[in-house]
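Visitor:
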Ligand SMILES: [Zn+2]
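Residue numbers (the working numbering): 151 to 294.
1. Using 8 Å as the limit for Cβ to Cβ distance, is residue 259 near chain C?
2. Can you tell me whether residue 187 sits near ligand 1, meaning its C-beta is under 7 Å from at least one heavy atom of the ligand?
3. Any chance the CB of residue 192 is under 7 Å from a heavy atom of ligand 1?
4. Given residue 251, which residues of its chain have a CB within under 6 Å of its CB, disregarding the five upstream and five downstream residues?
5. In the DSSP assignment, find the unbroken alpha helix (DSSP H) run with residue 263 in it and report its ends.
6. Indicate the three-state DSSP secondary structure (helix, strand or coil) for residue 109 in the structure shown.
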């Protein structure tokens, strides 16, 4: 099962994206430390679909990081009401502000790719590597 003509559905693609897998085929191991491979090793999907594609990933990472910071601040203030330990709360907030964006960075890229695929489904030009060009004739005509 190659992902070339696969349509896993939006929910599956979002879950794969959230868990750092290829949204098209589910392949993992797409990252070497923080660096993402350009093309999926299994299905050949080219992740950077257009120039500026990763702006969406930065946006998602920003939303998730600020959401985590908001939950941290509000939650810790509720728990410690009415005597707020200001130094502890500031330290906790700074820690969340540093750790969450770093940890979520890989997921933000694959999750954004899944959302982008939900808006603009993959076409034949999104696959850089043709795995077996001689056997794709019927699959290519059905995929469009
Ligand atoms: Zn793939």
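Ideal placement from N, C-alpha and C gives every residue a C-beta, glycine not left out.
Everything numeric in this text was worked out from a predicted model, so none of it was measured.
Guide: By the coordinates alone:
1. Considering every chain present, this structure includes no chain C. It has just one protein chain.
2. Locating residue 187 in the chain shown gives position 37, counting from the first residue. Because no heavy atom of ligand 1 lies under 7 Å away, the Cβ of residue 187 does not count as near it: no.
3. Here residue 192 corresponds to residue number 42 of the chain shown, with the count starting at 1. Yes, Cβ of residue 192 sits closer than 7 Å to a heavy atom of ligand 1.
4. Sequence index remark: in the chain shown, residue 251 carries index 101 (1-based). Counting only residues of its own chain and dropping the five nearest sequence neighbours on each side, residue 251 has a CB closer than 6 Å to the CB of 211, 215.
5. If you number the chain shown from 1, residue 263 lands on position 113. Note, residue 263: alpha helix (DSSP H), 236-269.
6. The structure shown does not extend to residue 109, since the chain is modelled only from 151 to 294, so the question has no answer here.
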